[in-house]
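Asks:
Residue numbers (the working numbering): 10 to 46.
(1) Under the DSSP definition of a beta bridge, which residues are partnered with residue 20?
(2) Using only CA atoms, which one of 20, 45, 16, 11 lies nearest to residue 32?
(3) What number of angstroms, rounded off, separates the C-alpha of residue 18 from the C-alpha of residue 28?
(4) What residue from 23, 22, 26, 34 has the CA that sits closest to residue 16's CA?
Structure, rendered in structure tokens:
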């Protein structure tokens, strides 16, 4: 994305068309680093 200067607009969270969400960098990072033991 940085090399081609193409912004992320959506992120897929599943397999269906209804599983796309607007991409929010803060929410994405928070989800990666959530402490769910």
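Even glycine gets a Cβ: it sits at the ideal position worked out from N, Cα and C.
Replies: A quick look at the data gives this:
(1) As a working mapping, residue 20 is identified with position 11 in the chain shown. Residue 20 is bridged to 30.
(2) The residue you call residue 32 lines up with position 23 of the chain shown. Checked all of 20, 45, 16, 11; the closest Cα to residue 32 is 20.
(3) As a position in the chain shown, residue 18 is number 9, starting the count at 1. As a position in the chain shown, residue 28 is number 19, starting the count at 1. Here the alpha carbons of residue 28 and residue 18 stand approximately 14 Å from one another.
(4) Here residue 16 is taken as the residue at index 7 of the chain shown, counted from 1. For the residues 23, 22, 26, 34, the minimum Cα distance to residue 16 belongs to 34.
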